[in-house]
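Numbering (this note's numbering), first residue to last: 8 to 364. The beta carbon of each residue, even a glycine, is placed where N, CA and C say it ideally should be. Bear in mind that the values here come from a model prediction, so they are computed numbers and not experimental data.
Laid out in structure tokens, this is it:
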């Protein structure tokens, strides 16, 4: 496995020291240890790349149940598309608002998975080839698929339960343009194709919109973390990159209204649903983009913590520092070293005073 030095990695390495009599006794050794860290002369530790070949099987086994849940969601999605939706009552007087022309989709159904799934997946794969981090690859793929599938299940379940007619329902029901209604209830008696009529009862919410926001919304979250859009440096270009996928999703939603396949309420609800699920799924696997560790998945930092726990006792035994004498001291490769309970000068000063005493 490749190994990186402390001054070449973006990972956070925790060290811990207290201000007790033991620290004072071991001040020369500890001071030498800290100076090695600062100067980059620290012995190399395992913080190398984690590829599919080296860690892929381990990560997949850890999340085996999650992949089984994904398969279960696929089965549910298939069932929801097969069953007949609720046929809401549509009377003769209601047809005046449902006579919009029946026309082709501006964004065809087959294009939605490409835009909402394959496009974000391509970005995730590109980042993997650059970073060589299978933890990020796996968690991003899992989060994306969960976002899209959960959104799909919720969308189709609501579609089947609500059964709202589409704006072009009249022409689906009466392709010849001659309406036929029940003489008693004035309910429509459709003469069109059964499959076309079935699709006509699936207006709320918009599936194109919810799927687009689920996939592209997740992509926006993902890129916001990777390019550190909330780094307080005021780079507007970063915001443009993050907002662009959301703009594409919004335009897909607008096309559904322009094509008369959905009412505006359907599109609004679909976008809200997809973006909400995408946000929950992203934050399940990654810290918020504005967090210090927002660039990597939770599992990556958990792995680093476990690795440090395994190596720290060996490192500190030579200094006679016990585990009870440990507090957080974070070392950032690009920001220098910060001490949790004061500045570096304070720590070194206390060491010097302890040595003099």
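Cα atoms of residue 71 and residue 145: separation of roughly 12 Å, rounded to the nearest angstrom.
A straight line joining the alpha-carbon of residue 156 with that of residue 243 spans about 32 Å. When only Cα atoms are considered, residue 90 and residue 164 end up about 10 Å apart. Taking one beta carbon from each stretch, the region 105-116 and the region 173-180 have 3 or more pairs nearer than 8 Å; the two touch. Residue 226 is not a Cβ neighbour of residue 137, given a cutoff of 8 Å. Residue range 271-292 is occupied by the alpha helix (DSSP H) that includes residue 283.
The three-state reading of DSSP puts residue 159 in helix, counting H, G and I together. One alpha carbon belongs to residue 212, the other to residue 80, and they sit about 19 Å apart.
When C-alpha distances from residue 265 are compared across 68, 114, 209, 69, the shortest belongs to 114. Taken through DSSP and simplified to helix, strand or coil, residue 194 comes out as strand.
If you compare the alpha carbons of 132, 84, 112, 149 with that of residue 74, the shortest gap goes to 149.
Straight-line measurement puts the Cα of residue 284 at about 15 Å from the Cα of residue 215. DSSP links residue 98 through a beta bridge to 194.
Straight through space, the alpha carbons of residue 246 and residue 268 are spaced by roughly 32 Å.
A straight line joining the alpha-carbon of residue 187 with that of residue 271 spans about 28 Å.
Scanning 97, 158, 111 for the CA closest to the CA of residue 193 turns up 97. Its chain contains 160, 163, 164, 167 as the residues whose beta carbon lies nearer than 7 Å to that of residue 87, once the 5 sequence neighbours on both sides are disregarded; these appear in chain order. The straight-line gap separating the alpha-carbon atoms of residue 249 and residue 99 is approximately 47 Å.
In this structure, residue 217 sits away from residue 259, with a CB-CB distance that is not shorter than 8 Å. Residue environment for residue 254: exposed (fewer than 16 other C-beta atoms within 10 angstroms of its C-beta).
Using a 10 angstroms sphere on the CB of residue 273, the tally of other CB atoms reaches 16 or more, which defines it as buried. Relative to the Cα of residue 195, the nearest Cα in the group 256, 276, 180, 257 belongs to 180. Excluding five sequence positions before and after residue 94, the CB atoms of its chain that fall closer than 8 Å to its own CB belong to 170, 208, given in chain order. Burial check for residue 116: the Cβ neighbour count within 10 Å stays below 16, so the residue is exposed.
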